[in-house]
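Going letter by letter, the sequence shown gives residues 1 to 223 in UniProt numbering. For every residue, glycine included, the Cβ atom is placed at its ideal position computed from N, Cα and C. Notes follow the structure.
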Amino acid sequence: MEQVCRCYNESIKEQEQQQEQKQKQKQEQEQEQEQEQESQQEQEPKPKPSARKAAHFAAECTSETVCWNCKQSGHIATECKNDALCHTCSKTGHLARDCPSSGSSKLCNKCFKPGHIAVDCTNERACNNCRQPGHIARECTNEPVCNLCNVSGHLARNCRKTTISSEIQGGPFRDITCRLCGKPGHISRNCMTTMICGTCGGRGHMSYECPSARMFDRGLRRF
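This is how it looks when you write it as structure tokens:
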């Protein structure tokens, strides 16, 4: 009996020792993993602070107010006494719509010549359809001039520079013939033959394509 008890006690001690060793190994492994993670975090480059601040509302903004007119702090645009800056090139002397750095040569909406805008124009008013002086669009019998590429012979809707023409001339309308002009590629409600602008009275374009409408919108925004 004594021998059996001794053997049993020894086996229990061995089991306890094995469990202790396993626990120690686990602890050592966990410590090693933590150390590896810390070393990796130290080696990784820290992200640079973003120039943009977290999203917030204007009422919650703590930054100093910047003037929209001159881009300087300390006042707002309605109180600004400085010269306005162009929002395209950040220079004074002109606005973004008249900026020479914008890459697009804009024409005067009155005489359709470059170098000035309609409010500064001293030339005779030109026709909104053919861009020739001496008559108005509703009396014009010449070919229209495209308001996108400034080339005569087609309208802005049919210009290659726009994606609207492909949708009207092709796609679902490629096998349809207009009841008004008899030409394929469009339906009667999109026919350019009888289309009259509701702004200037010219034929061949709609109000949203009219250069007079653009000038009218600018005048409303200005006042």
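Note: T92 is bridge-paired with L85 in the DSSP secondary-structure output.
Just so you know, the alpha carbons of T92 and E124 end up roughly 30 Å apart. Under DSSP, A126 takes part in a beta bridge, and its partners are P133.
With respect to the 8 Å criterion, N128 and A137 are classified as neighbours on the basis of their beta carbons. With respect to E143, G153 sits close: the two C-beta atoms are nearer than 8 Å. Cβ-Cβ separation between C146 and C130: approximately 11 Å, too far for a contact (criterion under 8 Å).
Cβ atoms of C61 and L85 stay farther apart than 8 Å, at about 21 Å. In the structure shown, the three-state DSSP call for S73 is strand. Annotation for C140: C127, N129 and C130 place their beta carbon closer than 6 Å to its own, counting only its chain and skipping 5 residues before and after. Residue burial annotation: T199 is buried, with at least 16 other C-beta atoms found within 10 angstroms of its C-beta.
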